[in-house]
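Student: A single structure is presented below for examination.
Here is the structure:
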């Protein structure tokens, strides 16, 4: 099916006056938007597949029906109850930084923009917690904590372009996750609106043993099971010291072994980044240490000065045993300077087809995963750019984060190659026992592989969805859950 | 970078500058972010979206883009670029009306 063209959508633009009037009676007329130009801004997110469409003047999915911007939890509840009563699908929208289409309208949904819910409600320095509204900008949240001497420890590349609620809804991971944990380790409690308009409170406590975790049902649900309106997060004193080290390794294998041994030695680095030769090259130009040791790794330890120093030394011992030498700090400073911006714009601007895929693999499988995935995408298109790094590490395995880039070419041909590359990588990941998503989530773009990833777990998820959202109004068609009739598909064209 | 190329760059950038827009502002509308304005301006400049009163009204809502301009990591002046597109479109409209 051909994607809809923006000009056609503009000509056919229609406004549901009755619905907009009802929404305005809840939130006020200023906070309901229905003009084509404003709705167009909500017809995309940062999914590269969507970008490929947008730059060609096409819609990746459909136009949203309306935009509504509630200013309180109660207003969200009223909006959802109205949507339920009228059987109108809705999508919660934060800052739209997702890269898999989780916030893309596929069936003329009403977009519920949560950015007016943006207060820091309370910072509790005794308990080490912060309660915040879901629509608060991530960078503004971190800045508020920093001003009090704290950090959330969740520092994704999208820090300044995402919301706190979005981090949780998409089950994200920050760049310092090896020390502070992923978002599921950081969130303590949440308040949300269920699809029937009722409120669910998961009170924040350090831990509870009262059956399965209700909280975790909604961490990563991407708005399919309700709308998170506020959260309570763990926070930490800002580290007294950070010690960063740049290492040059003789081989990728040696660097990955070092990362594994550092984690299995029970050290807690804030950052571990290992780059393959392709990604190391551009970051180490002119540094003599990398002439014979072409693999770049960056380690950062943080915390109390004494502890960070001891941990750093222990990690360096492991690295040296695997043939590494310490190199100048240039690559560390480059990463620190650019860690919160996107790398894709120069390529997307010039009509390249750039995308990233992150998967999780066991240490025993990662060498094969890297080799086979690289071979597979080069078989799809020999001149494709393929690079990888490993930047979230565990005792058991790591996230392999890959960058793929096709050169400018005919759009249909490129989308077919892009789809083949995604398919081959996802299948190899599953064959090797990995998970097809480490932290970007599912959205709709990963729908084709979720059945294989979750097996009967997908049936459990669908059963839950059917019970709490029988009319299927909450972000339908995402997470490989049942779409509404007539909805557009956001899937690779294989 | 040429002006249109800068607009395209911003259109494909996920708005790291948005943190400069205060949470206390009453309007928190995705359509007036720098990247959304750049995208819309790019689309009308390339003829993929028709220029009409609705589009003009959104392109003129530049308060957020102005507030976020100092936070752009790439030094792109989105309001100036959008104004350039508007001037060009208004000029074409006025030529056509003659």
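Residue numbers (this note's numbering), protein chains in the order written: chain A, 1 to 494; chain B, 495 to 592. Heads up, the beta-carbon is just placed ideally off N, CA and C, and yes, glycines get one too. Every value quoted in this text rests on a predicted model; they were computed, and no experiment measured them.
1. Closer than 8 Å, CB to CB, is residue 548 (chain B) near chain A or not?
2. With a threshold of 16 other CB atoms inside 10 Å of the CB of residue 85 (chain A), please say whether the residue is buried or exposed.
3. Relative to the alpha-carbon of residue 125 (chain A), which residue among A:40, A:145, A:380 has its alpha-carbon at the smallest distance?
4. Given that a residue counts as buried once 16 or more other Cβ atoms are within 10 Å of its Cβ, and exposed if not, what is residue 279 (chain A)?
5. Which class does residue 113 (chain A) belong to by DSSP, given the choice of helix, strand or coil?
6. Determine the direct distance from the alpha carbon of residue 367 (chain A) to that of residue 360 (chain A), and round the result to whole angstroms.
7. Runs of 3 residues minimum, wholly inside the region 134 to 158 of chain A: which ones carry the beta strand (DSSP E) assignment?
8. Helix or strand or just coil, what does DSSP make of residue 68 (chain A)?
9. Once the 5 residues before and after residue 218 (chain A) are set aside, which same chain residues still bring their CB inside 7 Å of it?
10. If you measure beta-carbon to beta-carbon, which residues of the region 334 to 350 of chain A are closer than 8 Å to chain B?
11. Give a yes or no on contact between the region 155 to 165 of chain A and the region 131 to 144 of chain A, applying the rule of three or more CB pairs nearer than 8 Å.
12. Would you say residue 172 (chain A) lies against chain B (beta-carbon separation less than 8 Å)?
13. Report the rounded CA-to-CA distance for residue 221 (chain A) versus residue 183 (chain A), giving the unit in angstroms.
14. Could you name the residues of the region 358 to 385 of chain A whose beta carbon sits closer than 9 Å to any beta carbon of chain B, in the order they occur along the chain?
15. So the beta strand (DSSP E) residue 34 (chain A) belongs to, where does it begin and stop?
16. Take the Cβ of residue 588 (chain B) as the centre, count every other Cβ of all protein chains shown within 10 Å, and call the residue buried at 16 or more, exposed below.
17. Say whether chain C places a C-beta atom closer than 8 Å to the C-beta of residue 566 (chain B).
18. Per DSSP, residue 58 (chain A) forms a beta bridge with which residues?
19. On the DSSP bridge list, what partners appear for residue 401 (chain A)?
20. For a contact defined as C-beta to C-beta under 9 Å, what are the partners of residue 95 (chain A) on chain B?
21. Starting from residue 262 (chain A), follow the alpha helix (DSSP H) in both directions and report where the run begins and ends.
22. How would you write the range of the beta strand (DSSP E) that residue 317 (chain A) sits in, first residue to last?
23. So what's residue 486 (chain A) in DSSP terms, helix, strand or just coil?
24. Could you check which residue in A:105, A:381, A:481 has the C-alpha nearest to that of residue 404 (chain A)?
25. Could you name the residues that DSSP lists as bridge partners for residue 131 (chain A)?
26. Can you name, in chain order, every residue of its own chain whose Cβ lies under 8 Å from the Cβ of residue 38 (chain A), other than the five neighbours on each side?
27. Considering only their Cβ atoms, is the gap separating residue 251 (chain A) from residue 295 (chain A) smaller than 8 Å?
28. Residue 401 (chain A) and residue 358 (chain A): beta carbons closer than 8 Å?
29. Evaluate residue 171 (chain A) with the Cβ neighbour count: other Cβ atoms within 10 Å of its Cβ, from every protein chain shown; 16 or more gives buried, anything less gives exposed.
30. Should residue 445 (chain A) and residue 481 (chain A) be called a contact, given that it needs their Cβ atoms to be closer than 8 Å?
31. Can you give me the start and stop residues for the alpha helix (DSSP H) that residue 27 (chain A) sits inside?
32. Give me whichever residues DSSP pairs with residue 237 (chain A) in a beta bridge.
33. Taking CB distances under 8 Å as the criterion, tell me whether residue 542 (chain B) reaches chain A.
34. Where does residue 560 (chain B) sit, in a helix, a strand or coil, going by DSSP?
35. In the DSSP assignment, find the unbroken alpha helix (DSSP H) run with residue 192 (chain A) in it and report its ends.
36. Taking the C-alpha atoms as reference points, what is the distance between residue 497 (chain B) and residue 558 (chain B)?
Tutor: On the basis of the supplied data:
1. As a working mapping, residue 548 (chain B) is identified with position 54 in the second chain. Yes, its Cβ sits closer than 8 Å to a Cβ of chain A.
2. Taking the first chain and counting its residues from 1, the one referred to as residue 85 (chain A) is at position 85. Exposed is the call here.
3. For the purposes of this step, residue 125 (chain A) is identified with residue 125 of the first chain, where counting begins at 1. Among A:40, A:145, A:380, the Cα nearest to that of residue 125 (chain A) is on A:145.
4. Within the first chain, numbered from 1, the residue matching residue 279 (chain A) stands at position 279. Buried: at least 16 other Cβ atoms inside 10 Å.
5. For this step, residue 113 (chain A) is matched to residue 113 along the first chain. Strand.
6. Translated into positions along the first chain, residue 360 (chain A) becomes position 360. Translated into positions along the first chain, residue 367 (chain A) becomes position 367. Approximately 12 Å between the Cα atoms of the pair.
7. Runs of the beta strand (DSSP E) inside the region 134 to 158 of chain A: none found.
8. By 1-based counting over the first chain, the position of residue 68 (chain A) is 68. Looking at residue 68 (chain A) - three-state DSSP - the assignment turns out to be strand.
9. Walking along the first chain from the start, residue 218 (chain A) turns up at place 218. Listed in chain order, the non-local C-beta contacts of residue 218 (chain A) below 7 Å within the same chain comprise 190, 192, 225, 226, 228, local neighbours out to five positions each way being set aside.
10. Within the region 334 to 350 of chain A, the residues whose Cβ lies closer than 8 Å to some Cβ of chain B are 340, 341, 342, 344, 345, 346, 348, 349, listed in chain order.
11. Taking a cut-off of 8 Å for Cβ pairs, the region 155 to 165 of chain A and the region 131 to 144 of chain A touch, as three or more such pairs fall below it.
12. Numbered from its first residue, the first chain carries residue 172 (chain A) at position 172. It does not: the Cβ of residue 172 (chain A) has no partner Cβ on chain B nearer than 8 Å.
13. As a position in the first chain, residue 221 (chain A) is number 221, starting the count at 1. As a position in the first chain, residue 183 (chain A) is number 183, starting the count at 1. So the alpha carbons of these two residues sit roughly 13 Å apart.
14. Under the 9 Å Cβ criterion, the region 358 to 385 of chain A contributes no residue.
15. Locating residue 34 (chain A) in the first chain gives position 34, counting from the first residue. In the DSSP assignment, residue 34 (chain A) falls outside any beta strand (DSSP E) and carries neither an H nor an E.
16. Counted from its first residue, the second chain places residue 588 (chain B) at position 94. Burial is judged here by how many other beta carbons sit within 10 angstroms of a residue's own beta carbon; residue 588 (chain B) has fewer than 16 and is exposed.
17. The chain inventory of the structure shown lacks chain C, comprising the protein chains A and B.
18. Taking the first chain and counting its residues from 1, one reaches residue 58 (chain A) at position 58. The partner list for residue 58 (chain A) (beta bridge, DSSP) reads A:5.
19. Residue 401 (chain A) sits at position 401 when you count from the first residue of the first chain. By DSSP's assignment, residue 401 (chain A) forms a beta bridge with A:358, A:389.
20. Counted from its first residue, the first chain places residue 95 (chain A) at position 95. Ordered by position in chain B, the residues that pass the 9 Å Cβ test against residue 95 (chain A) are 508, 509, 512, 524, 527.
21. Indexing the first chain from 1 puts residue 262 (chain A) at position 262. Where residue 262 (chain A) is concerned, the enclosing alpha helix (DSSP H) stretches over 252 to 264.
22. As a working mapping, residue 317 (chain A) is identified with position 317 in the first chain. Following the DSSP letters along the chain, one finds residue 317 (chain A) in no beta strand (DSSP E) but inside the alpha helix (DSSP H) bounded by residues 305 to 321.
23. Locating residue 486 (chain A) in the first chain gives position 486, counting from the first residue. Coil at residue 486 (chain A), not helix or strand.
24. In the first chain, the residue the question calls residue 404 (chain A) occupies position 404. Closest by alpha carbon: A:381.
25. Translated into the one-based positions of the first chain, residue 131 (chain A) becomes position 131. Its beta-bridge partners are A:122, A:232.
26. For the purposes of this step, residue 38 (chain A) is taken as residue 38 along the first chain, with counting starting at 1. Listed in chain order, the non-local C-beta contacts of residue 38 (chain A) below 8 Å within the same chain comprise 67, local neighbours out to five positions each way being set aside.
27. Mapped onto the first chain, residue 295 (chain A) falls at position 295. Mapped onto the first chain, residue 251 (chain A) falls at position 251. In this structure, residue 251 (chain A) lies closer than 8 Å to residue 295 (chain A) by Cβ.
28. Residue 401 (chain A) sits at position 401 when you count from the first residue of the first chain. Residue 358 (chain A) sits at position 358 when you count from the first residue of the first chain. Result yes, Cβ atoms of residue 401 (chain A) and residue 358 (chain A) sit closer than 8 Å.
29. Along the first chain, one-based indexing puts residue 171 (chain A) at 171. With 16 or more Cβ atoms within 10 Å of its Cβ, residue 171 (chain A) is classed as buried.
30. Walking along the first chain from the start, residue 445 (chain A) turns up at place 445. Walking along the first chain from the start, residue 481 (chain A) turns up at place 481. No, they are not a contact pair.
31. Indexing the first chain from 1 puts residue 27 (chain A) at position 27. Unbroken alpha helix (DSSP H) run through residue 27 (chain A): 17 to 27.
32. Working through the first chain from its first residue, we reach residue 237 (chain A) at position 237. In the DSSP output, where bridge partners are listed per residue, residue 237 (chain A) has A:150.
33. Numbered from its first residue, the second chain carries residue 542 (chain B) at position 48. At least one chain A Cβ lies under 8 Å of residue 542 (chain B).
34. Translated into the one-based positions of the second chain, residue 560 (chain B) becomes position 66. In this structure, residue 560 (chain B) counts as helix in the three-state DSSP scheme.
35. Stepping through the first chain from its first residue, residue 192 (chain A) is reached at position 192. Premise fails: residue 192 (chain A) lies in the beta strand (DSSP E), 187 to 193, not in any alpha helix (DSSP H).
36. By 1-based counting over the second chain, the position of residue 497 (chain B) is 3. By 1-based counting over the second chain, the position of residue 558 (chain B) is 64. If you take the alpha carbons of residue 497 (chain B) and residue 558 (chain B), they lie about 20 Å apart.
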